[in-house]
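Visitor:
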Amino acid sequence: MAFQRRIFSGIQPTGNLHLGNYLGAVRNWVALQAEYECIFCMVDMHAITASLLDPDELRRSTRELAAAMIASGIDPEKNILFNQSQNPDHATLAWIFNCVARMGWMNRMTQFKEKAGKDRENVSLGLFAYPALMAADILVYKATHVPVGEDQKQHLELTRDIAQKFNFDYQKEIFPLTEPQIFGTATRVMSLRDGMKKMSKSDPSDQSRINMTDTADQIADKIKRAKTDPDALPDSIDGLEGRPEAANLMGIYAALAGQTLEQAVADCAGRGFAEFKKLLTEVAVSHLAPITAEMRRLTADPGYVDGILRKGGERARELSAPVVAEIYDTVGFLRP
Ligand code: TYM
């Protein structure tokens, strides 16, 4: 059966949008919106799985993230932009998926292992079940494509496993086998302090990431202090091998300058880091400053952002309602 092409992606409103989220995901969403029907979701229900958050802080982060997405170029009229908890159908389908997914599948999730660490017995059940909710986010709209950064690949494989098992168990082709869309020059942006670690909201060091709310001075300072090695920049991509910090900064530069990695490496060949960091700062500030300014303008009017999210939530519910009705009938739940 052919499923209508539909794009869904989500982002957690925990802390600020950072350069990794922007280059790995949001920027690609902006590119896709012209062509396809897209649904973009601030996943506030996922945001409380690691620990319960201060309610005012969660509301603030959700609004700020929505503003950051609009400021980055997401058109909230053309696309559906909303926060997850506005559509209870996600939670309904997630429960059914909790009964489809196997403990063994969940136990293999590297993000769960990383986040739980040695404290497995003490993390929330929600953190363990996180990927089933993520599968529900996607499949409650029968989304066929999900643009994400590389770190979400395993969760999307699990989404396919859940869809496949559900379809097989009920002998009906209800759900599509969703395709991940991982593209661009910055699918995995690394920490500025350690080229082997992913840039992340949960890193305790703010120096490790560039936030979309950072001022030009903060960006310059973070790039200036970013970890490097003693050698000049190489004249070929092969020369970045074994130099994780150099590879990361070159990748960020290429993505922000709109170049391929090959072009960026050729342009910067032989330069020392002091000179290259100045270039990188210029390109980062000129790219990010207009987005940050627009974000500030939008967050000054929370009523505007709330209106967009509410309307997005209504449109999302209209799309998921028939899917949930179909699932009720398939599973054998009596409909309300
Ligand atoms: P989250 O909030 O951690 O990240 C949002 C998006 O940003 C990408 N990303 C990165 N890309 C490149 N380099 C990085 N350092 C980097 N850090 C983050 C992520 O890959 C993601 O695309 N589980 C998801 C949220 C989610 C979701 C969904 C995504 C919930 N339901 C359904 C897609 C579909 C997450 O925690 O993303």
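Residue numbers 38 to 373, in the numbering used here, belong to the letters of the sequence shown in order.
The beta carbon of each residue, even a glycine, is placed where N, CA and C say it ideally should be.
1) In the DSSP assignment, find the beta strand (DSSP E) that holds asparagine 124 and state where it starts and stops.
2) Grab the span of the alpha helix (DSSP H) containing cysteine 305 for me, first residue to last.
3) For aspartate 304, which residues of its own chain have a beta-carbon under 8 Å away from its beta-carbon, when the five flanking residues on both sides are left out?
4) Using 8 Å as the threshold, is the C-beta distance between leucine 164 and alanine 87 below it?
5) Between alanine 105 and the ligand TYM, is there a pair consisting of the residue's CB and a ligand heavy atom that are separated by less than 7 Å?
6) Examine the Cβ distances between the region 239-252 and the region 211-230 and report whether three or more of them are shorter than 8 Å.
7) Please confirm whether any heavy atom of the ligand TYM lies closer than 7 Å to the CB of histidine 83.
8) Straight-line CA distance for arginine 354 to leucine 325?
9) When you compare each of Val183, Thr215 and Ala284 to phenylalanine 313 by their alpha carbons, which one comes out closest?
10) If you compare alpha carbons, which of Ile111, Pro125 and Ala104 is closest to valine 360?
11) Less than 8 Å between the beta carbons of tyrosine 207 and threonine 336, yes or no?
12) Please look up how many angstroms separate the CB atoms of leucine 176 and leucine 130, rounded, as I've assumed it's under 8 Å.
13) So, for proline 113: in the same chain, excluding its five sequence neighbours on each side, which residues have a beta-carbon less than 7 Å away from its beta-carbon?
14) Using the C-alpha atoms, what's the distance from alanine 153 back to arginine 334?
15) Indicate, with yes or no, if the ligand TYM has a heavy atom lying under 7 Å from the CB of glutamine 189.
16) Measuring CB to CB, does histidine 192 end up less than 8 Å from glutamine 218?
17) Using a 10 Å radius around the Cβ and a threshold of 16 neighbouring Cβ atoms, would you call phenylalanine 370 buried or exposed?
18) If I measure Cβ to Cβ from threonine 329 and keep anything under 8 Å in the same chain, skipping five residues before and after, which residues do I get?
19) By the three-class DSSP mapping on this structure, what secondary structure does asparagine 116 have?
20) So, do the region 59-73 and the region 82-101 have three or more beta carbon pairs nearer to each other than 8 Å?
21) Using the C-alpha atoms, what's the distance from alanine 269 back to asparagine 116?
22) Measure the CB-CB distance between isoleucine 199 and valine 137 and report whether it falls below 8 Å.
23) Go ahead and pull the three-state DSSP assignment for serine 273.
24) Within 10 Å of its beta-carbon, does lysine 179 have 16 or more other beta-carbons around it, so buried, or fewer, so exposed?
25) Go ahead and pull the three-state DSSP assignment for methionine 378.
26) Can you check whether the CB of isoleucine 44 is closer than 8 Å to the CB of cysteine 75?
27) Taking the alpha-carbon positions, what's the leucine 162 to glycine 141 distance?
28) Please state whether the Cβ-Cβ distance between phenylalanine 77 and serine 98 is less than 8 Å.
29) Curious, which full-length alpha helix (DSSP H) runs of at least 4 residues does the region 281-352 contain?
30) Here's the rule I'm using: 16 or more other beta-carbon atoms within 10 Å means buried, otherwise exposed. How should methionine 236 be labelled?
31) Please state whether DSSP places lysine 37 in a helix, a strand or coil.
32) Measuring only from the beta carbon, is serine 357 closer than 7 Å to any heavy atom that is part of the ligand TYM?
Guide: In terms of the structure at hand:
1) Where asparagine 124 is concerned, there is no enclosing beta strand (DSSP E), given that its DSSP letter is neither H nor E.
2) That run of the alpha helix (DSSP H) goes 298-305.
3) Gln296
4) yes
5) Every heavy atom of the ligand TYM is 7 Å or more from the Cβ of alanine 105, so no.
6) The way I'd put it, the region 239-252 does touch the region 211-230; three or more beta-carbon pairs between them come closer than 8 Å.
7) yes
8) 33 Å
9) Just measuring C-alpha positions, the residue of Val183, Thr215 and Ala284 sitting nearest phenylalanine 313 is Ala284.
10) That would be Pro125, whose Cα lies nearest to the Cα of valine 360.
11) no
12) 7 Å
13) Same-chain partners within the cutoff: Ile107, Ile345 and Gly349.
14) 38 Å
15) Because some heavy atom of the ligand TYM lies under 7 Å away, the Cβ of glutamine 189 counts as near it: yes.
16) no
17) exposed
18) Ala108, Met249, Thr250, Asp251 and Thr252
19) coil
20) no
21) 44 Å
22) yes
23) coil
24) buried
25) Nothing about residue 378 can be reported from this structure: the residues present for the chain run from 38 to 373 only.
26) yes
27) 15 Å
28) Their beta carbons are not under 8 Å apart, which means phenylalanine 77 does not touch serine 98 by this criterion.
29) The region 281-352 contains these whole alpha helix (DSSP H) runs: 281-294, 298-305 and 310-336.
30) Flag for methionine 236 reads buried.
31) Since the first residue shown for the chain is 38 and the last is 373, residue 37 is missing from the structure and cannot be characterised.
32) no
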